[in-house]
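Colleague: Quick one: the structure is below, questions incoming.
Numbering (the numbering used here), first residue to last: -14 to 144.
Okay, here's the thing in structure tokens:
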């Protein structure tokens, strides 16, 4: 498992409030290195007594030449969240990845208070608000300098 390729940053494009108390959480890994990722998550105050409340499997959403990008959508009931990634590679090795970096996948590390990433408060104003009409829109980019002007004498030198 290539640990240096694992990347996540909370409160960024890797963890953002989407809409209706839904949070998108993403992580980047080396291409073809990871077989599956589970996200352990829950309310940080409930964690103190009951640990993580839920686990959800992440989906590989895209790949480029170097990396695989994973995403999951989770519901946030209390406008705050604590979460930790459980990564399993193609050789069967498993680790936990959180605020303290990569640690051994053990129950002790899973239940350790400081290991998880925390988003202390999710403000509705910070949510990604996409208007409904956008989904039915066709977007064009028009480059006027790429059109013929009809008169070769008006062209700049070199065109």
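Note that CB positions come from ideal geometry on N, CA and C, so glycine has one too.
What first and last residue would you give for the alpha helix (DSSP H) that runs through residue 94?
Modeller: By 1-based counting over the chain shown, the position of residue 94 is 109. Run containing residue 94: 92 to 95, per the alpha helix (DSSP H) assignment.
Colleague: Where residue 1 and residue 76 are concerned, what is the direct C-alpha to C-alpha distance, given to the nearest angstrom?
Modeller: To locate residue 1, count along the chain shown from 1; it is residue 16. To locate residue 76, count along the chain shown from 1; it is residue 91. Rounded to whole angstroms, residue 1 to residue 76 spans 31 Å at the Cα level.
Colleague: Quick check: what's the CA-CA separation for residue 116 versus residue 3?
Modeller: Along the chain shown, one-based indexing puts residue 116 at 131. Along the chain shown, one-based indexing puts residue 3 at 18. Rounded to whole angstroms, residue 116 to residue 3 spans 12 Å at the Cα level.
Colleague: Which residue spans inside the stretch 108 to 144 form an unbroken beta strand (DSSP E) run of at least 3?
Modeller: DSSP runs (the beta strand (DSSP E)) wholly in the stretch 108 to 144: none.
Colleague: Please work out which residues of its chain come closer than 7 Å, Cβ to Cβ, to residue 104, disregarding the five sequence neighbours upstream and downstream, and give them in chain order.
Modeller: Taking the first residue of the chain shown as position 1, residue 104 is located at position 119. If we look at residue 104 and ignore the five residues flanking it on each side, its Cβ neighbours are -5, -4, 0, 65 and 66.
Colleague: If I measure Cβ to Cβ from residue 89 and keep anything under 8 Å in the same chain, skipping five residues before and after, which residues do I get?
Modeller: Against the chain shown, residue 89 aligns to sequence position 104. Excluding positions up to five away in sequence, the list reads 80 and 81.
Colleague: Nearest chain C C-beta to residue 94 closer than 8 Å, yes or no?
Modeller: Structure shown: chain C not included; a single protein chain is present.
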